[in-house]
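Q:
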Amino acid sequence: MAYRVHFGAEQYVELPELPSIWQAEPPGATAQQVPDLEAAIRDALEGPLGLPALSECLTGDDTVVLAVRRGTPCSDAIISTVVQAVLDRLTPSQPVTILRTEADAAAQRGDPRHLLSPEHARRVIIKTHQAHKAEDLAYLARLEDGRVLRLNRVLVEADVVIPIGWTQSRGTWNRYSAFGAIFPAFADHSAQQRHWREVVERVRYRKLKRMGKIRASPIRAAGSLSREADWLLGTQFALEAVPGPLGKVLRVMAGDVQRVAKESREEFLRQWGLPVQRQSDVVIAGVDHNPAHSAWENLAQAAWAAARLVNPRGQIILLADWETPGGSSPAVGLSPSEVATRGSWTDVLQELGDPVVPFWLLSRVRRRASLCVWSPRPVSQSLWREWIDWLGIETSNRVEVLERWVRSARSVTLLSHATLVCPQRMSPPPRAPDR
Numbered sequence: 001m002a003y004r005v006h007f008g009a010e011q012y013v014e015l016p017e018l019p020s021i022w023q024a025e026p027p028g029a030t031a032q033q034v035p036d037l038e039a040a041i042r043d044a045l046e047g048p049l050g051l052p053a054l055s056e057c058l059t060g061d062d063t064v065v066l067a068v069r070r071g072t073p074c075s076d077a078i079i080s081t082v083v084q085a086v087l088d089r090l091t092p093s094q095p096v097t098i099l100r101t102e103a104d105a106a107a108q109r110g111d112p113r114h115l116l117s118p119e120h121a122r123r124v125i126i127k128t129h130q131a132h133k134a135e136d137l138a139y140l141a142r143l144e145d146g147r148v149l150r151l152n153r154v155l156v157e158a159d160v161v162i163p164i165g166w167t168q169s170r171g172t173w174n175r176y177s178a179f180g181a182i183f184p185a186f187a188d189h190s191a192q193q194r195h196w197r198e199v200v201e202r203v204r205y206r207k208l209k210r211m212g213k214i215r216a217s218p219i220r221a222a223g224s225l226s227r228e229a230d231w232l233l234g235t236q237f238a239l240e241a242v243p244g245p246l247g248k249v250l251r252v253m254a255g256d257v258q259r260v261a262k263e264s265r266e267e268f269l270r271q272w273g274l275p276v277q278r279q280s281d282v283v284i285a286g287v288d289h290n291p292a293h294s295a296w297e298n299l300a301q302a303a304w305a306a307a308r309l310v311n312p313r314g315q316i317i318l319l320a321d322w323e324t325p326g327g328s329s330p331a332v333g334l335s336p337s338e339v340a341t342r343g344s345w346t347d348v349l350q351e352l353g354d355p356v357v358p359f360w361l362l363s364r365v366r367r368r369a370s371l372c373v374w375s376p377r378p379v380s381q382s383l384w385r386e387w388i389d390w391l392g393i394e395t396s397n398r399v400e401v402l403e404r405w406v407r408s409a410r411s412v413t414l415l416s417h418a419t420l421v422c423p424q425r426m427s428p429p430p431r432a433p434d435r
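For what it's worth, the working numbering labels the leading residue of the sequence shown as 1, then goes sequentially.
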């Protein structure tokens, strides 16, 4: 019997069954996706966590804004259902506004009007957040640490703001992207720049803490800033999707912001949490085709998860289908040499933000282990080739290479759907008391 590692859009490779192999498979890999997404969303809105039904939380004349977190799976289908529920409660003359990020706008996401009836579509206003445009921003308050909080004007002026987002693996993409549905995603450019500077500084402080040189980081956690911004804005009701393989949805939750965040996180870990039983010399990880993200984002997420399973100076092999229909090209739009002229990663992240994060993550993974991208077909696009070479990533499209690694390594871990998996180190057994 052969082992299978799934990757891309429902592709897989088969590898020989050997004693050295551990096949890691969390429950989410085989869990059933939501069979009727629209019905699941309506049920969540009618029976939310910790709050009355959404229809009871609104009045007919409310100004309602849906703030859509970047990369939400099945976003148009989710938004269209929420829009219908909101418009059914509002007066016929009252519109609903959808606020999306520039990244979603560039990917033609976050506009569900093609899924709505003509009557509902006419009452939908689409706004794209542009952090540099001062006229689109408004002062809300000062955060606890004294920094000024400026958000998109439609959020500040709204009666009701409903964040729509999705749960991610803590410690992978979530920790590094502008992950908050409100902050810093819809903040001003200076706040986003500071966010990226602090991202790098937190990494440095964590390293110093591990070395015993400091006790705690003086920089606030990004999550606490996001929660404070939600509180200052008065955000009460939120909707969150728990993602499944290939950009699908396993569960939808709605209701009180804090309850939704807590319970969706718990559900995510039930589906995608992976106790790390051991670290291996070789990790072969399948990269999902998630159409909500660029190919580089999917690759970086998978590499970051695999890095928690590999021994130092080991080998990570990422199985990817670069030619999947609908796959996106490198979002950064710059060559490695152009990025290198900008100086340190702190400077690069402050200037370019989300699009360049995958390359920063991959460069960090490369410090721990060798990286190889295996694809059924050779990498053809020149800009991909430039980045792969600059990062020192090997490439292959031969099955024999995989088999050779599997047979020669003392320990191997196989990991499908690595873009979603959240490896968790197991606690050491309690120490026996001294007699």
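Quick reminder that beta carbons are idealized off the backbone N, C-alpha and C, glycines included.
From the DSSP output, in three-state form, read off Ile79 for me.
A: The answer is helix: DSSP assigns Ile79 an H, G or I state.
Q: So for Asp136, helix, strand or coil by DSSP?
A: Residue state, collapsed to three classes: helix.
Q: Work out the CA separation of Val86 and Ala77 for me, nearest whole Å.
A: Using only the alpha carbons, I get a separation of about 15 Å.
Q: Which same chain residues end up closer than 7 Å to Glu25 when comparing Cβ atoms and leaving out the 5 residues on each side of it in sequence?
A: Result list for Glu25: Ser416, in chain order.
Q: Report all residues from its chain with a CB closer than 7 Å to the CB of Pro325; omit the five preceding and five following residues, and keep chain order.
A: Annotation note: pLDDT 41 at Pro325 (below 50); position unreliable, no value reported.
Q: Below 8 Å on the Cβ atoms is my guess for Leu45 versus Gln236; work out the distance and round it to an integer in Å.
A: Not a contact, Cβ separation roughly 14 Å.
Q: If Thr72 sits next to Gly165, beta carbons under 8 Å apart, how far is it from one beta carbon to the other, in whole angstroms?
A: Indeed, because the Cβ distance is near 6 Å, the residues count as touching under 8 Å.
Q: To which residues of the same chain is Leu349 closer than 8 Å at the C-beta, ignoring the five residues directly before and after it?
A: Excluding sequence neighbours, Leu349 sits near Trp196, Arg197, Val199, Val200, Val356, Val357, Trp360.
Q: For Leu318 and Ala295, which I take to be in contact (beta-carbon distance under 8 Å), what is that distance rounded to the nearest angstrom?
A: Going by Cβ atoms, the distance from Leu318 to Ala295 rounds to 11 Å, so no, they are not a contact pair.
Q: Measure the alpha-carbon distance for Glu119 versus Trp387 and round it to whole angstroms.
A: Each residue's Cα considered, the two are about 47 Å apart.
Q: When the distance is taken between beta carbons, is Thr91 closer than 9 Å to Gly60?
A: In this structure, Thr91 lies closer than 9 Å to Gly60 by Cβ.
Q: Pairing CB atoms from the segment 238 to 251 with CB atoms from the segment 360 to 380, are three or more of them under 8 Å?
A: The segment 238 to 251 vs the segment 360 to 380: no contact.
Q: Would DSSP call His195 helix, strand or coil?
A: Looking at His195 - three-state DSSP - the assignment turns out to be helix.
Q: Once DSSP output is grouped into helix, strand and coil, what is the label at Thr324?
A: Caution is warranted here: a pLDDT of 49 is assigned to Thr324, below 50, making its placement in the model unreliable, and no coordinate value can be reported.
Q: Any contact of the segment 280 to 292 with the segment 393 to 413, i.e. 3+ C-beta pairs under 8 Å?
A: Judged by Cβ distances under 8 Å, the segment 280 to 292 makes contact with the segment 393 to 413, as three or more pairs qualify.
Q: Assign Tyr3 to one of two classes, buried (16 or more other C-beta atoms within 10 Å of its C-beta) or exposed (fewer than that).
A: Buried, because 16 or more other Cβ atoms sit within 10 Å of the Cβ of Tyr3.
Q: Along the chain, where does the beta strand (DSSP E) that runs through His6 open and close?
A: Note, His6: beta strand (DSSP E), 3 to 7.
Q: Which residue's Cα is closest to the Cα of Leu309: Ile182, Pro184, Cys422, Arg364?
A: Selected option, being the one with the closest Cα: Cys422.
Q: Kindly indicate which three-state DSSP category Glu46 falls into: helix, strand or coil?
A: Here Glu46 sits in helix by DSSP.
Q: Can Leu116 and Val68 be called in contact, C-beta distance under 9 Å?
A: Result no, Cβ atoms of Leu116 and Val68 do not sit closer than 9 Å.
Q: Chain C beta carbons: is any one of them nearer than 9 Å to that of Gln84?
A: Looking at the structure shown, chain C is missing, and only one protein chain is on hand.
Q: Taking only the alpha-carbon atoms, compute the straight-line gap between Glu228 and Leu143 and give it to the nearest angstrom.
A: So the two alpha carbons sit approximately 7 Å from each other.
Q: Would the C-beta of Arg42 count as close to the ligand SAH, meaning under 8 Å from any of its heavy atoms?
A: You won't find the ligand SAH in this model; it holds no ligand whatsoever.
Q: Asp281 lies in the beta strand (DSSP E); which residues open and close that run?
A: It spans 280 to 286 - the beta strand (DSSP E) in which Asp281 sits, taken as one unbroken run.
Q: Rounded to whole angstroms, what's the CA-CA distance from Gly327 to Leu420? Just pull it up for me.
A: At Gly327 the pLDDT is 44, less than 50, meaning the model places this residue with poor confidence and gives no usable figure here.
Q: Hey, quick one: how far does the beta strand (DSSP E) through Leu250 stretch, first residue to last?
A: Here the beta strand (DSSP E) through Leu250 covers 249 to 256.
Q: State the CB to CB distance for the pair Leu140 and Ile182, rounded to an integer number of angstroms; the pair is presumed to be in contact (CB under 8 Å).
A: Rounded, the Cβ-Cβ distance is 10 Å, inconsistent with contact.
Q: In whole angstroms, give me the CA-to-CA distance for Arg150 and Cys57.
A: Their backbone Cα atoms lie some 26 Å apart in a straight line.
Q: Check each candidate in Ala187, Asp62, Ile125, Glu102 and name the one with the smallest Cα separation from Val160.
A: Minimum Cα distance to Val160 is reached at Asp62.
Q: Does the pairing of the segment 336 to 348 with the segment 186 to 193 give three or more beta-carbon distances under 8 Å?
A: No, the segment 336 to 348 is not in contact with the segment 186 to 193.
Q: Applying the 10 Å Cβ sphere with the 16-neighbour rule, what's the burial state of Ser337?
A: Ser337 is exposed by the Cβ-count criterion.
Q: Suppose contacts are defined by Cβ-Cβ distances below 9 Å. Is Ala238 in contact with Val252 by that definition?
A: The answer is no: Cβ separation not under 9 Å.
Q: Using a threshold of 9 Å, state whether the C-beta atoms of Pro442 and Ile162 are closer than that.
A: The chain is shown from 1 up to 435; residue 442 falls before or after that span and cannot be answered.
Q: From the DSSP output, in three-state form, read off Gln94 for me.
A: It is coil, neither helix nor strand.
Q: If you run the structure through DSSP and keep just helix, strand and coil, what is Leu447?
A: This structure leaves residue 447 out entirely; the chain is present only between 1 and 435.
Q: Between which two residues does the alpha helix (DSSP H) containing Gln350 stretch?
A: Its alpha helix (DSSP H) spans residues 345 to 352.
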